[in-house]
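> Counting with this note's numbering, you get residues 8 to 499 for the letters of the sequence shown.
One structure, pasted below without further comment.
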Amino acid sequence: MSSYNNQTLKIYNSLSGEKETFVPINEGSIGMYVCGPTVYSNVHLGNLRTFMSFDVIFRYFIHLGYKVRYVRNITDVGHIVDDVDEGEDKIAKKARLEQLEPMEVVQRYTVDFHEILKAFNFLPPSIEPTATGHIIEQIEIIKKIIDSGVGYEANGSVYFDVVKFNETNHYGKLSGRNIEDMLANTRDLDGQSDKRNPQDFALWKKAEPEHIMRWPSPWSDGFPGWHLECTAMSTKYLGNHFDIHGGGMDLKFPHHECEIAQNEACTGQSPVNYWMHANMLTLNGKKMAKSTGNNILPREILTGENTILSKAFPASVARFFMLQAHYRSILDFSDEAIVAAEKGYKRFMEAIDALKQIKTSASSTLDIAAWKQLCYDAMNDDFNTPILIAHLFEGVRYINLLKENKETISASDLETLTTTINNFVFDVLGLENQKATNSGNDKLEGAINMLIDMRNKARADKDFAMSDHIRDQLLALGIQLKDSKEGTSFSI
Ligand SMILES: [Zn+2]
């Protein structure tokens with residue numbers, strides 16, 4: 008067992024642009040806030056990767072013995088289409104298009120989000136607050152911002168005066184911008200807006216008569232601006248000053264920049280010690296976008312139901328694939344890449360299964376203690392999971408050499424090797440031995456493969472009625488066949 012007392016952890020802080028030694032505000036405990044999903048559509052693979060990065064960070068803190076309060080919110084109101092304050096709320100828009108009550112949209116996609124995260128073996132956060140559950144807190148913060156002199160009301164809406172704030176604070180310090188450049192690069196307000204400056208952002212928006220999502224406030228019946236909810240929920244559960252705030256790289260500006268401004272206006276202090284941002288995921292070398300069809304949903308990896316994929320993959324293989332890249336690097340998803348990851352994953356799990364068969368000797372020819380520390384060093388260096396996985400593969404090489412009696416190991420070193428591998432593979436990386444789980448279904452797998460053979464034979468004999476019958480009957484049982492160049496695979 009290792010603990011935070013004997014590990015020096017470095018975290019890349021987006022605020023300073025440097026790796027800094029991590030020192031929590033209160034010894035032994037950590038407050039971490041991560042921006043959660045806007046629940047108006049299915050969570051996409053890029054979002055899943057961001058949340059997975061923070062899941063592993065959360066898991067490593069727990070492994071080191073920290074008491075962690077991990078808050079990840081649900082955005083169920085206030086997130087504006089195209090992130091412009093004049094746009095339409097994403098959830099209200101979806102509800103209008105699908106003729107649903109906004110809370111039906113929220114419920115549907117919140118359930119989907121939880122199902123996907125469970126399938127990919129995420130730990131639940133300590134608190135998962137919703138924006139609509141914290142309207143009163145948001146109104147209180149707006150009052151404080153108005154009192155501080157940088158919030159102003161216009162026609163029932165309330166805005167944050169970025170220019171005035173910047174006279175005493177630095178708006179842009181997280182994203183490395185300054186207000187002069189921002190002002191120079193934006194066109195003038197066209198007279199339609201209630202804002203004093205184009206950079207100002209909404210704290211409260213007056214609802215149009217047809218707008219369903221609305222709450223009473225001192226200024227109008229309306230709804231809060233998106234940036235405000237995270238300030239309200241992070242400080243409510245973690246205090247005005249907390250350790251870590253994370254999210255996707257795309258949230259650094261304006262979302263997180265606005266959060267800092269709101270906090271500083273409200274409390275006079277910067278809210279967060281370490282800002283962390285996870286990089287994006289591309290698909291076949293291109294940005295993912297629903298409109299171009301260059302898009303894949305996490306669920307489709309599990310079922311193989313996407314033309315990009317040659318077959319279905321277990322969730323742990325997808326997890327293993329994603330963690331082979333550092334969270335601050337762009338990761339490209341492709342069928343070849345996940346097929347390669349599956350081979351590595353299987354090698355890994357076979358070695359773990361083989362650990363039980365290893366015989367011990369009086370002494371070791373391998374330096375297990377040094378290897379163990381290398382695993383910790385990798386995670387202590389800004390959660391470097393690809394380096395950790397490389398060291399774990401070195402552990403796999405050890406296991407194979409020991410199995411072939413080419414090296415020896417003492418009983419206590421074998422225990423260290425086993426514990427370290429189990430800790431990192433299952434507890435920290437959050438992988439599951441899904442090969443082992445599936446092997447319990449050997450008989451089922453054998454029977455399905457026999458039916459696939461029979462179907463291939465029927466097709467070869469041009470008995471398409473029979474081949475279709477086999478496929479349809481299997482589908483009725485929830486077993487889907489997928490044909491590709493490599494042959495036929497199935498998913499249950
Ligand atoms: Zn947020």
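Here a beta-carbon is modelled for each residue, glycine too, at the ideal position from N, C-alpha and C.
Since the structure is predicted, the reported quantities are computational estimates derived from the model, not experimental observations.
Excluding five sequence neighbours on each side, which residues of the same chain lie with their C-beta closer than 7 Å to the C-beta of residue 248?
Position 241 of the sequence shown holds residue 248. Correct list, in chain order: 32, 276 and 278.
> Hey, how far is the Cα of residue 443 from the Cα of residue 47?
For the purposes of this step, residue 443 is taken as residue 436 along the sequence shown, with counting starting at 1. For the purposes of this step, residue 47 is taken as residue 40 along the sequence shown, with counting starting at 1. Note that residue 443 has pLDDT 42, beneath the 50 cutoff, so the model's placement of it is unreliable and the number below is only indicative. Cα-Cα distance, rounded: 36 Å.
> By how many angstroms is the C-alpha of residue 489 removed from the C-alpha of residue 25?
The sequence position of residue 25 within the sequence shown is 18, counting from 1. The sequence position of residue 489 within the sequence shown is 482, counting from 1. Residue 25 and residue 489: Cα-Cα distance of roughly 47 Å.
> Of all residues in the structure, which have a C-beta closer than 5 Å to any heavy atom of ligand 1, taken in chain order?
Any residue whose Cβ sits closer than 5 Å to a heavy atom of ligand 1 makes the list: 42 and 237.
> Whose C-alpha, out of 400, 404 and 265, is nearest the C-alpha of residue 186?
For the purposes of this step, residue 186 is identified with residue 179 of the sequence shown, where counting begins at 1. Closest option to residue 186, Cα to Cα, is 265.
> Check this for me: beta carbons of residue 311 and residue 64, under 9 Å apart or not?
Translated into positions along the sequence shown, residue 311 becomes position 304. Translated into positions along the sequence shown, residue 64 becomes position 57. It is not a contact, given that the beta carbons lie outside the stated cut-off.
> Would DSSP call residue 24 helix, strand or coil?
Along the sequence shown, one-based indexing puts residue 24 at 17. Of the three classes helix, strand and coil, the one that applies to residue 24 here is coil, per DSSP.
> Can you tell which of 23, 477, 38 and 491 has the C-alpha that lies nearest to the C-alpha of residue 250?
By 1-based counting over the sequence shown, the position of residue 250 is 243. Out of 23, 477, 38 and 491, 38 has the C-alpha closest to the C-alpha of residue 250.
> Quick check on DSSP: helix, strand or coil for residue 212?
By one-based count along the sequence shown, residue 212 stands at place 205. Three-state result, residue 212: strand.
> With a 10 Å radius around its C-beta and 16 neighbouring C-beta atoms as the bar for buried, classify residue 52 as buried or exposed.
As a working mapping, residue 52 is identified with position 45 in the sequence shown. It counts as buried.
> Assign residue 12 to one of three DSSP states: helix, strand, or coil.
Walking along the sequence shown from the start, residue 12 turns up at place 5. Helix at residue 12.
> When DSSP labels each residue in this structure, what does residue 290 get in the three-state scheme?
The residue labelled residue 290 in the question sits at position 283 within the sequence shown. Of the three classes helix, strand and coil, the one that applies to residue 290 here is strand, per DSSP.
> What are the partner residues of residue 296, as DSSP defines its beta bridges?
Position 289 of the sequence shown holds residue 296. Bridge partners of residue 296: 301.
> Helix, strand or coil for residue 220? Go by DSSP, reduced to three states.
Here residue 220 corresponds to residue number 213 of the sequence shown, with the count starting at 1. Looking at residue 220 - three-state DSSP - the assignment turns out to be coil, as it is neither helix nor strand.
> If we count the other Cβ atoms within 10 Å of its Cβ and call it buried at 16 or more, is residue 427 buried or exposed?
Against the sequence shown, residue 427 aligns to sequence position 420. Buried.
> Residues in its own chain within less than 6 Å of residue 161 by CB, not counting five upstream and five downstream?
The residue given as residue 161 occupies position 154 in the sequence shown. Hits under 6 Å: 201.
> Look at the alpha carbon of residue 430 and the alpha carbon of residue 410, and state the distance between them as a whole number of angstroms.
As a working note, residue 430 is residue 423 in the sequence shown. As a working note, residue 410 is residue 403 in the sequence shown. Going by the C-alpha atoms only, they are around 21 Å apart.
> Look at the Cβ atom of residue 437, then the Cβ atom of residue 104, and state whether they are nearer than 9 Å.
If you number the sequence shown from 1, residue 437 lands on position 430. If you number the sequence shown from 1, residue 104 lands on position 97. Their beta carbons are not under 9 Å apart, which means residue 437 does not touch residue 104 by this criterion.
> Unbroken beta strand (DSSP E) runs of length 3 or more, entirely within the region 353 to 423: which are they?
None, since the region 353 to 423 contains no complete beta strand (DSSP E) of that length.
> Looking at C-alpha atoms only, which residue of 424, 352, 361 and 358 is the closest neighbour of residue 381?
On the sequence shown, residue 381 is found 374 positions in, with the first residue counted as 1. Of the candidates 424, 352, 361 and 358, the one whose C-alpha sits nearest the C-alpha of residue 381 is 424.
> Do residue 157 and residue 268 have their CB atoms nearer than 9 Å?
Walking along the sequence shown from the start, residue 157 turns up at place 150. Walking along the sequence shown from the start, residue 268 turns up at place 261. Yes, the Cβ-Cβ distance between residue 157 and residue 268 is below 9 Å.
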